[in-house]
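Participant:
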Amino acid sequence: MKRALAMILAAAMAVSAAGCSGSNNSSSTPGSSSGSGTSSTSAGNSSAPVDSSSTASGTDETVSKVYDWPLVSEPTELTVFTKLLPQVEDFDTNKTTKWYEEQTGVHINWIQVPSADFTTQLNLSYASDDWPDIYSCELTTDQLLMMRNGGVIEPLDDLINNYAYWANQVFKDHPEYKDYLTAPDGHIYSLWYNDTGKHMYSTYKMFVKQAWLDKLGIKSPTTTTEFEDMLKAFRDQDMNGNGNASDEIPYMSSMSAWGGSPFYYLVYPFQLQSIRGVYKDDSGTWQLAGVQDGYKDAMAWIHSLYEQGLIAEETFTQDKAQFKAILNVGSEAETVVGCFTAAYQGEVIDSTAATIPNDYQVVEPLTGPTGIKQAATNGYGEFKPRCTITTACKNPKVAMQWLDYWLSKDGRIIQEYGVEQGVDYEILNQKSIYGDPTSYNRLFNLAALQNVVWYNHSTPRHDWEDVRYGAAAEDGSLDTLLYEAALVYEPYHVLTGIPALSWNEDEADAEEFTTLKAEIDEYVKSNSAAFAIGRRSLDEWDAYVKEIENMNLSRYLELVAKTYDGSKVDYK
Ligand SMILES: [Ca+2]
3 MKRALAMILA AAMAVSAAGC SGSNNSSSTP GSSSGSGTSS TSAGNSSAPV
53 DSSSTASGTD ETVSKVYDWP LVSEPTELTV FTKLLPQVED FDTNKTTKWY
103 EEQTGVHINW IQVPSADFTT QLNLSYASDD WPDIYSCELT TDQLLMMRNG
153 GVIEPLDDLI NNYAYWANQV FKDHPEYKDY LTAPDGHIYS LWYNDTGKHM
203 YSTYKMFVKQ AWLDKLGIKS PTTTTEFEDM LKAFRDQDMN GNGNASDEIP
253 YMSSMSAWGG SPFYYLVYPF QLQSIRGVYK DDSGTWQLAG VQDGYKDAMA
303 WIHSLYEQGL IAEETFTQDK AQFKAILNVG SEAETVVGCF TAAYQGEVID
353 STAATIPNDY QVVEPLTGPT GIKQAATNGY GEFKPRCTIT TACKNPKVAM
403 QWLDYWLSKD GRIIQEYGVE QGVDYEILNQ KSIYGDPTSY NRLFNLAALQ
453 NVVWYNHSTP RHDWEDVRYG AAAEDGSLDT LLYEAALVYE PYHVLTGIPA
503 LSWNEDEADA EEFTTLKAEI DEYVKSNSAA FAIGRRSLDE WDAYVKEIEN
553 MNLSRYLELV AKTYDGSKVD YK
């Protein structure tokens, strides 16, 4: 065991260093469902049906029945390692902690690690020989595999099948979640966190200044031709009415804003593109979008827009703050930006600015010259491993049930709105964003220091959509706009094949994949900007494609396939 621990300590340190480079590292990925048959092999016949009609014989401890509280009949303690966000005062005295202990009868000894130092402390913890009962925090697939290799964790399949009532309820509607969570060895090592907000499904959207459309007497564009005509009108006419017909900026954005890159929305009418740069084509083969003929057509169109003064060059160079300074002005006469790309209005518009968010209305995906109308989606929003039980845990059944409750809708309401109705939150007789007749109104400030809830990083979470959009619908509120904009894109979603989680048992392959991905993605991005502004001529397209092939594109696509959908097959 000593040697194994030394090895995972070294590996953990490597992950810790890598962890600084941002959360969007591709370890994670998504899931193409490669058949649910492989997921619960260890469970044997104990994978009890979650349906209450099929109660397992002779035991009352099956997932056919939601557990009663308290979970235990004698005093029980669990040690739980979790992340302490700056917004949470203290887990020991937290209102949710006290309430949950009363319900469950389980006392928690918290190990609270401030978020600033979290990844390092987590890696040190599982590399030590002093493990908590539960790691109740976000985990990566790499970390889970290292924990497994070091004996820190074992498969949770049996515990989930037998005791996780709510996890199994969710699996009934989302059997693909089991696939996502299943490691190449066929076992599940964690519960999960997801964000199924519709706005997460398709992040690259276009927003246009509605008053300018009204002034022109035109409707929101639906085709690339209409879009181009609209930009020309913005360019040529004194849209803001300040007497100067040349200060309007038809389209501008920032590559650093969420959803801000033009190389998605403006590419979709010609070519499918994903946030990972690759997509699975109709024949099931992984392709790099940036070398497809459709991508070249998109670059030609974007360049022609640029040549005509319809796309601001700053789009490719300025950061979000610089863009916001141009967008958020004090009056209509000072308004210069006609349209922009972003995930939603609130990403770049200050709700306090004179230019209020709903001045800019969402534009649907454009139909391209060949009739393509699409918006790429991964099909699940965000999905990550979260929370696991260690081999040090003496009472894994209780630990599983303690975690599992947080996947219920009631648990989700508490995570989001607090424990006590009338004090932490109220229920309003006002339609919710989701469309329910009532809505939730939080009565404390979640963004400031508080001690009511554990906040968003400490438990498993299933994002029940009616709770996710449970706030009151208010015209022009950013949350309402977020949801409304997402609905406009939903009919045009095209799956990219990117899976929710990627598992890679082979460290050398994983490293090579990461390196090639970074190099190729950066090359596509910088050349796209060069093509757009004419710094590189599209006459050089074939040379550009050849350059990417020479960066070992074929090996990269092989690793994409292995990482995104091949692992399970290899290790079956
Ligand atoms: Ca003007």
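Mapped onto the numbering used here, the consecutive letters of the sequence shown carry residue numbers 3 to 574. Cβ atoms here follow ideal geometry from the backbone N, Cα and C, with glycine treated the same way.
In three-state terms, what does DSSP make of residue 504?
Facilitator: coil
Participant: So, helix, strand or coil for residue 467, using DSSP?
Facilitator: Of the three classes helix, strand and coil, the one that applies to residue 467 here is helix, per DSSP.
Participant: Looking at residue 80 and residue 160, is the spacing between their C-beta atoms short of 7 Å?
Facilitator: no
Participant: Mind checking whether the beta-carbon of residue 244 lies closer than 6 Å to any heavy atom of ligand 1?
Facilitator: yes
Participant: Identify whether residue 100 lies in helix, strand or coil by the three-state DSSP scheme.
Facilitator: Here residue 100 sits in helix by DSSP.
Participant: What are the boundary residues of the alpha helix (DSSP H) that includes residue 306?
Facilitator: 295-309
Participant: Residues in the same chain with beta-carbon distance under 6 Å from residue 300, minus the five sequence neighbours each way, listed in chain order, please.
Facilitator: 269, 272, 273
Participant: If we count Cβ pairs, one from each stretch, closer than 8 Å, do we get three or more for the stretch 184-204 versus the stretch 463-471?
Facilitator: yes
Participant: Counting beta carbon pairs with one atom in the stretch 102-119 and one in the stretch 69-77, are three or more of them shorter than 8 Å?
Facilitator: yes
Participant: Can you give me the Cβ contacts of residue 491 inside the same chain, cut-off strictly under 6 Å, excluding the 5 residues immediately before and after it?
Facilitator: 204, 377
Participant: Does the pairing of the stretch 481-500 with the stretch 273-293 give three or more beta-carbon distances under 8 Å?
Facilitator: yes
Participant: Roughly how many whole angstroms lie between the Cα atoms of residue 331 and residue 409?
Facilitator: 43 Å
Participant: Assign residue 212 to buried or exposed, taking buried as 16 or more other Cβ atoms, counted over all protein chains shown, within 10 Å of its Cβ.
Facilitator: exposed
Participant: Quick check: does the Cβ of residue 238 come within less than 6 Å of any heavy atom belonging to ligand 1?
Facilitator: Incorrect: residue 238 has no Cβ contact closer than 6 Å to ligand 1.
Participant: For residue 562, which three-state DSSP category applies?
Facilitator: helix
Participant: Using three-state DSSP, classify residue 575 as helix, strand or coil.
Facilitator: Any property of residue 575 remains undetermined from this structure, which presents the chain solely from 3 to 574.
Participant: Grab me the residues of residue 298's own chain with a C-beta within less than 6 Å of its C-beta, minus the 5 sequence neighbours each way, in chain order.
Facilitator: Only 543 meet the Cβ criterion.
Participant: For residue 599 and residue 403, what's the separation of their Cα atoms in angstroms?
Facilitator: Since the first residue of the chain shown is 3 and the last is 574, residue 599 is not available in this structure.
Participant: In chain order, which alpha helix (DSSP H) runs of at least 4 residues are fully inside the stretch 317-354?
Facilitator: 322-329
Participant: Could you compute how far the alpha carbon of residue 282 sits from the alpha carbon of residue 504?
Facilitator: 15 Å
Participant: Determine the extent of the alpha helix (DSSP H) in which residue 127 is found, giving its start and end residues.
Facilitator: For residue 127, the enclosing alpha helix (DSSP H) stretches over residues 120-129.
Participant: Kindly give me the distance between the Cβ atoms of residue 86 and residue 116, rounded to whole angstroms, as I take these residues to be in contact under 8 Å.
Facilitator: 5 Å
Participant: Determine the DSSP secondary structure at residue 556, reduced to helix, strand or coil.
Facilitator: helix
Participant: Which of the three DSSP states is assigned to residue 482 in this structure?
Facilitator: Looking at residue 482 - three-state DSSP - the assignment turns out to be helix.
Participant: Compute the Euclidean distance between the alpha carbons of residue 430 and residue 456, then round it to the nearest angstrom.
Facilitator: Cα atoms of residue 430 and residue 456: separation of roughly 24 Å, rounded to the nearest angstrom.
Participant: Short check: CB of residue 388 to CB of residue 462, under 7 Å?
Facilitator: yes
Participant: Out of 240, 506, 427, point me to the one whose CA is closest to residue 184's CA.
Facilitator: 506
Participant: If you measure between the beta carbons of residue 210 and residue 338, is that distance less than 7 Å?
Facilitator: no
Participant: Assign residue 252 to one of three DSSP states: helix, strand, or coil.
Facilitator: strand
Participant: Entirely within the stretch 400-448 and at least 4 residues each: give me those alpha helix (DSSP H) ranges in chain order.
Facilitator: 411-419
Participant: So for residue 535, helix, strand or coil by DSSP?
Facilitator: Reduced to three states, the DSSP call for residue 535 is helix.
Participant: Can we count residue 406 as close to ligand 1, meaning its CB is less than 6 Å from some heavy atom?
Facilitator: no
Participant: Tell me, please, whether the stretch 91-98 touches the stretch 440-456 by the rule of three or more beta-carbon pairs shorter than 8 Å.
Facilitator: Counting Cβ pairs under 8 Å, three or more are found: they touch.
Participant: Rounded to the nearest angstrom, how far is the Cβ of residue 334 from that of residue 443, given a contact under 8 Å?
Facilitator: Going by Cβ atoms, the distance from residue 334 to residue 443 rounds to 33 Å, so no, they are not a contact pair.
Participant: Is residue 249 near ligand 1, going by C-beta to nearest heavy atom under 6 Å?
Facilitator: Judged by the Cβ position, residue 249 qualifies as a neighbour of ligand 1 at the 6 Å threshold, a heavy atom of the ligand being closer than this.
Participant: What's the call for residue 401, buried or exposed, on a 16-neighbour Cβ count within 10 Å?
Facilitator: buried
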